[in-house]
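Input: a single structure, listed below in structure tokens.
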């Protein structure tokens, strides 16, 4: 690392410790030539991921948008902020672990719905009603029936154990 005082390319690390929430390493360095000390920070560089929206436009992936959508869906429900944050973290990891530089908003919406289905069924239906743009009560009922069939199937599997 280049010294900020004399420009020498040689420095040695004196101390390293975690900073923030374990996403950054703080390094205290000493210049080999002039002996002055300075601090550097090392973070993981994320490759930008673009979201392709339904109208064809592209924008940078923003986990805060996922959090806002989930918060609207779980409003007045018994879902804790730690559960919401865990869901957002899981979805964010899933997006970045895909190693794709582009992902569709539809794929993200499906990920959110899967997480909400496990968190709170009412929140899931709320999110699905906006996400899938239910046109009338029959499409809304179809989604509810799918959810109820899944619950019945899960209950039968529990009984068989």
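In the numbering used here, the protein residues as written are 1226 to 1386. Beta carbons: idealized from backbone N, C-alpha and C, even for Gly.
The Cβ atoms of residue 1292 and residue 1284 do not sit closer than 8 Å to each other. One Cα belongs to residue 1350, the other to residue 1369, and the distance between them is close to 7 Å. For residue 1276, the uninterrupted beta strand (DSSP E) run begins and ends at 1275 to 1277, by DSSP. Taking 4 residues as the shortest admissible run, the region 1283 to 1354 contains the following complete alpha helix (DSSP H) segments, listed from N- to C-terminal end: 1288 to 1298, 1306 to 1322 and 1330 to 1344. With a cut-off of 8 Å on Cβ pairs, the region 1304 to 1313 is in contact with the region 1335 to 1355, counting three or more such pairs. For a cut-off of 8 Å, the C-beta gap from residue 1338 to residue 1352 is around 6 Å, short enough to register as a contact.
Rounded to whole angstroms, the separation of the alpha carbons of residue 1270 and residue 1264 is 19 Å. Taking the CA atoms as reference points, residue 1325 sits about 12 Å from residue 1286.
Boundaries of the alpha helix (DSSP H) around residue 1377: 1362 to 1385.
Per DSSP, residue 1250 is one residue of the beta strand (DSSP E) stretching across 1249 to 1256. A contact between stretches requires three or more CB pairs, one per stretch, nearer than 8 Å, and the region 1367 to 1381 fails this requirement with the region 1312 to 1321.
About 5 Å separates the beta carbon of residue 1276 from that of residue 1330, a gap short enough to meet the 8 Å contact definition. Per DSSP, the beta-bridge partners of residue 1238 are 1254.
The beta carbons of residue 1235 and residue 1253 sit about 16 Å from each other, so the pair does not count as a contact at 8 Å. By the CB criterion at 8 Å, residue 1340 and residue 1312 fall inside the cutoff.
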